[in-house]
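Residue numbers (the working numbering), protein chains in the order written: chain A, 1 to 324; chain B, 1001 to 1324.
A virtual CB, placed ideally from N, CA and C, is assigned to each residue, including glycine.
In what follows, a structure is listed as structure tokens, so that the remarks can point back to it.
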């Protein structure tokens, strides 16, 4: 079903449909919440797709489950492995645990303790690296050589992107007449899955990506017309530090309407606003879309906007407003 | 419809049904959430009725709306007034704001700033008193003399109790075969409303009240067979400091199965556990039921238990685990 373009295996909407059937027994169909106060504040109608309530606390349970449960028994025999700044690691561990196969996750030693604990809690193994893309890739190569595990990349993988596309499929099934969808962008897995689904089901719907100013490589890539990658940017939105790769860049450059950015203080304010008004726990990365909506009111005013809340795995002892 | 018993106007289940019809346009039908991890931990099946997602962030929007919208135009002309350690004040302000009548709330000067801000945010007036029952009642008498406002007591009021009873009505409509329901107890409004509904619809269902050890006057009253009131107890569960009154005592002594207590550290641990695992923001008072379930596993193991999450209004800058 996948299309081969310039040597890449590009997933199609049929892959999203197949993924949805495959992962349905393992994931939650998450709720869509609204807030009259946030609608009043933004002048838009916002529909929050709450993947913070997803299994393992993040949308990445979708893509990881699709990859793990799509493996043949032979392909699964040596287990799976990945590198991840957090949620993909725990979500792959969750999926591997459900299938009963081994899983190894290479994580920066600086990753939140809660995320390391989550990986180990699902029975997977953590191998630490330095907090840079280069170190992560080097350590990971050793792990794969040692275990023979199947590599499931956090986002540059057609199985993962097809899995993430199930989120937008549920959203537009639940909410009619959306004008736009906005999601955070790090490596671009969720945005790519969203593009894949919406380009098939609702091609006129606008797709926005929201990015921290302090890790704005996707926005600069989008403006420049080619991938720009930074090594080890620092932002409170710790899930969004990784760069685009070939496959996600394909979707971003082809389907994304615009990439908007917000500063770290704006992200923290938006996060507190959602906690306070919507009574949901979500991580800083998930607040970037609301921060950019508040910063660009003219873009969203009067529109019906789907907002993807990507995850809820935050260290409650190290909330960003505690240390400021 | 109310029964007159020993000089008290006791609401009946018909009043709950009437309240539900009256307040339906103004409140949320809140979701019931479950957590496999918390079920595994307790050995029970827990069904969390999430009044933290209620209008104004607490179940008290139900009773306050029933009182406000049940007033005749003449009865509403001078507005409403109350004293409240927090949520009843903001919820009465919310209801008065929706009806467009004035509202005055007497609050302890030590009440969380977030709760004072909420009252003012709904357009009501805050009058401060000392943090004791005696001071609160004295200051309140002055307010009523000055305004002629209709007093809506936070819990010792049949209209309020009938309104709170709509919560258990929704819960047992949504979840079949519950063995028990557990709710926090302060003044006893939610517990009384729960008793009112369940004694009519499911008289064999057990009803537990959960109370902080450091404000355990309801438990001591229950054991002694008469109301015991403390002046100004201190606990992290700041919504549960007030004593029982005649009307709530009637329901507690007649229908409650048992009153269980938990220490402040146990309450904070249960609160963090819910935030971390269920990704919902709820206040310390709402964590008391889970704390007592964890402390009394033999009482709940194997049972289907409705857990009323009473509210989500917490000061994010003063979370209880920040100051320890």
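In chain order, what residues of the stretch 1268-1282 of chain B put their CB closer than 9 Å to some CB of chain A?
1272, 1275, 1276, 1277, 1278, 1279, 1280, 1281 and 1282
For residue 1312(B), return the contacting residues in chain A, with the cut-off set at a CB-CB distance below 7 Å.
Working through the second chain from its first residue, we reach residue 1312(B) at position 312. Those within 7 Å of residue 1312(B) in chain A are 279.
Within chain A, partners of residue 1057(B) - CB distance below 7 Å:
For the purposes of this step, residue 1057(B) is taken as the residue at position 57 of the second chain. By Cβ distance, chain A contributes 279.
Within 8 Å of any Cβ in chain B, is that where the Cβ of residue 190(A) sits?
Position 190 of the first chain, counted from the first residue, corresponds to residue 190(A). It does not; no Cβ of chain B falls within 8 Å.
Using the rule of at least 16 other Cβ atoms within 10 Å of the residue's Cβ for burial, across every protein chain shown, is residue 217(A) buried or exposed?
Start at 1 with the first residue of the first chain, and residue 217(A) comes out as number 217. By the neighbour-count rule (16 or more Cβ atoms within 10 Å), residue 217(A) is buried.
What is the rounded straight-line gap between the Cα of residue 1046(B) and the Cα of residue 227(A)?
By one-based count along the second chain, residue 1046(B) stands at place 46. By one-based count along the first chain, residue 227(A) stands at place 227. In a straight line, the C-alpha of residue 1046(B) is about 48 Å away from that of residue 227(A).
I'd like the list of long-range same chain contacts for residue 259(A), defined as Cβ closer than 7 Å, with 5 residues on each side in sequence excluded.
Here residue 259(A) refers to the residue found at position 259 when the first chain is read from its first residue. Contacts found: 185, 209, 211, 218, 219 and 222.
Where does the unbroken beta strand (DSSP E) through residue 314(A) begin, and where does it stop?
Residue mapping note: residue 314(A) aligns to position 314 of the first chain, counting from 1. Careful: residue 314(A) lies outside any beta strand (DSSP E) and carries neither H nor E.
Sequence-distant residues of its chain with Cβ nearer than 8 Å to residue 79(A) (five each side left out):
Mapped onto the first chain, residue 79(A) falls at position 79. Hits under 8 Å: 96, 101, 102, 103, 104, 147, 149 and 150.
Taking the alpha helix (DSSP H) that residue 272(A) belongs to, which residues open and close that run?
Reading the first chain from its first residue, position 272 is the one you call residue 272(A). Per DSSP, residue 272(A) belongs to the alpha helix (DSSP H) from 264-278.
Distance, Cα to Cα, residue 1277(B) vs residue 1037(B)?
As a working note, residue 1277(B) is residue 277 in the second chain. As a working note, residue 1037(B) is residue 37 in the second chain. Approximately 7 Å, taken between the alpha carbons.
So the candidates are 1247(B), 1134(B), 1310(B) and 1301(B); which of them puts its Cα closest to the Cα of residue 1006(B)?
If you number the second chain from 1, residue 1006(B) lands on position 6. The shortest C-alpha separation from residue 1006(B) is found at 1247(B).
With a Cβ-Cβ cutoff of 8 Å, do residue 1262(B) and residue 1274(B) count as a contact?
The count along the second chain starts at 1 and reaches residue 1262(B) at position 262. The count along the second chain starts at 1 and reaches residue 1274(B) at position 274. Not a contact, by the Cβ cut-off of 8 Å.
Would you give the residue range spanned by the beta strand (DSSP E) that residue 37(A) belongs to?
Taking the first chain and counting its residues from 1, the one referred to as residue 37(A) is at position 37. Premise fails: residue 37(A) lies in the alpha helix (DSSP H), 36-42, not in any beta strand (DSSP E).
Please report the straight-line C-alpha distance between residue 1206(B) and residue 48(A), rounded to a whole angstrom.
Reading the second chain from its first residue, position 206 is the one you call residue 1206(B). Reading the first chain from its first residue, position 48 is the one you call residue 48(A). Using only the alpha carbons, I get a separation of about 37 Å.
Same chain only: Cβ atoms within 8 Å of residue 116(A), ignoring 5 sequence neighbours per side
Working through the first chain from its first residue, we reach residue 116(A) at position 116. Once the five neighbours on either side are set aside, the close Cβ partners of residue 116(A) are 107 and 126.
State the DSSP-derived secondary structure class of residue 1244(B), mapped to helix, strand or coil.
Within the second chain, numbered from 1, the residue matching residue 1244(B) stands at position 244. Note: residue 1244(B) maps to coil in three-state DSSP.
Is it true that the stretch 298-313 of chain A meets the stretch 66-73 of chain A, where meeting means three or more beta-carbon pairs spaced less than 8 Å apart?
no
Check residue 158(A) in the structure and name its three-state DSSP category.
Taking the first chain and counting its residues from 1, the one referred to as residue 158(A) is at position 158. Helix.
To the nearest angstrom, how far is the alpha carbon of residue 193(A) from that of residue 4(A)?
As a first step, residue 193(A) is located in the first chain; it is residue number 193 there, counting from the start. As a first step, residue 4(A) is located in the first chain; it is residue number 4 there, counting from the start. The alpha-carbon atoms of residue 193(A) and residue 4(A) are separated by roughly 17 Å.
With residue 1094(B) as the anchor, note down where its alpha helix (DSSP H) starts and where it stops.
Numbered from 1 along the second chain, position 94 holds the residue referred to as residue 1094(B). Run containing residue 1094(B): 1087-1099, per the alpha helix (DSSP H) assignment.
Kindly identify the DSSP beta-bridge partner or partners of residue 1004(B).
Here residue 1004(B) refers to the residue found at position 4 when the second chain is read from its first residue. Partner(s): 1009(B).
Between the stretch 1012-1019 of chain B and the stretch 313-321 of chain A, do at least 3 Cβ pairs fall closer than 8 Å?
no
Sub-8 Å separation of residue 1163(B) and residue 1244(B) beta-carbons
Taking the first residue of the second chain as 1, we reach residue 1163(B) at position 163. Taking the first residue of the second chain as 1, we reach residue 1244(B) at position 244. It is not a contact, given that the beta carbons lie outside the stated cut-off.
At least one CB of chain A closer than 8 Å to the CB of residue 1316(B): is that the case?
Locating residue 1316(B) in the second chain gives position 316, where the first residue counts as 1. So yes, residue 1316(B) belongs to the interface.
Residues in its own chain within less than 7 Å of residue 139(A) by CB, not counting five upstream and five downstream?
One-based indexing of the first chain puts residue 139(A) at position 139. Only 106, 127 and 129 meet the Cβ criterion.
Relative to the C-alpha of residue 182(A), which residue among 56(A), 313(A), 312(A) and 307(A) is closest?
By 1-based counting over the first chain, the position of residue 182(A) is 182. That would be 307(A), whose Cα lies nearest to the Cα of residue 182(A).
Under a Cβ-count criterion, where at least 16 other Cβ atoms within 10 Å of its own Cβ denotes burial, should residue 312(A) be classed as buried or exposed?
Mapped onto the first chain, residue 312(A) falls at position 312. Residue 312(A) comes out buried.
Using only alpha-carbon positions, find the residue among 1142(B), 1166(B), 1145(B) and 1137(B) that is nearest to residue 1153(B).
Stepping through the second chain from its first residue, residue 1153(B) is reached at position 153. Of the residues 1142(B), 1166(B), 1145(B) and 1137(B), the one whose Cα lies closest to the Cα of residue 1153(B) is 1137(B).
Would you verify that the beta carbon of residue 324(A) is, or is not, closer than 8 Å to some beta carbon of chain B?
Walking along the first chain from the start, residue 324(A) turns up at place 324. For residue 324(A), the predicted structure reports a pLDDT of 47, less than 50, and the residue's modelled location is therefore unreliable. A value from the coordinates is still provided. Not closer than 8 Å to any Cβ of chain B, the Cβ of residue 324(A) fails to qualify, so no.
Helix, strand or coil for residue 20(A)? Go by DSSP, reduced to three states.
Within the first chain, residue 20(A) is the residue found at index 20, counting from 1. The answer is helix: DSSP assigns residue 20(A) an H, G or I state.
Please identify the residue among 256(A), 214(A), 269(A) and 91(A) whose C-alpha is closest to the C-alpha of residue 242(A).
Working through the first chain from its first residue, we reach residue 242(A) at position 242. Of the candidates 256(A), 214(A), 269(A) and 91(A), the one whose C-alpha sits nearest the C-alpha of residue 242(A) is 214(A).
According to DSSP, simplified to helix, strand and coil, what is residue 102(A)?
Mapped onto the first chain, residue 102(A) falls at position 102. Residue 102(A) falls in the coil class under three-state DSSP.
Starting from residue 1049(B), follow the beta strand (DSSP E) in both directions and report where the run begins and ends.
Taking the second chain and counting its residues from 1, one reaches residue 1049(B) at position 49. 1045-1050 is the extent of the beta strand (DSSP E) around residue 1049(B).
Just to confirm my understanding: we take residue 1198(B), look at its own chain, exclude 5 residues before and 5 after, and list those with CB closer than 8 Å. What are they?
Counting from 1 along the second chain, the entry for residue 1198(B) is found at position 198. Counting only Cβ-Cβ distances below 8 Å, and skipping sequence neighbours, we find 1168, 1172, 1181, 1205, 1207 and 1255.
Let me know the secondary structure DSSP gives residue 194(A) once reduced to three states.
As a working note, residue 194(A) is residue 194 in the first chain. It is helical.
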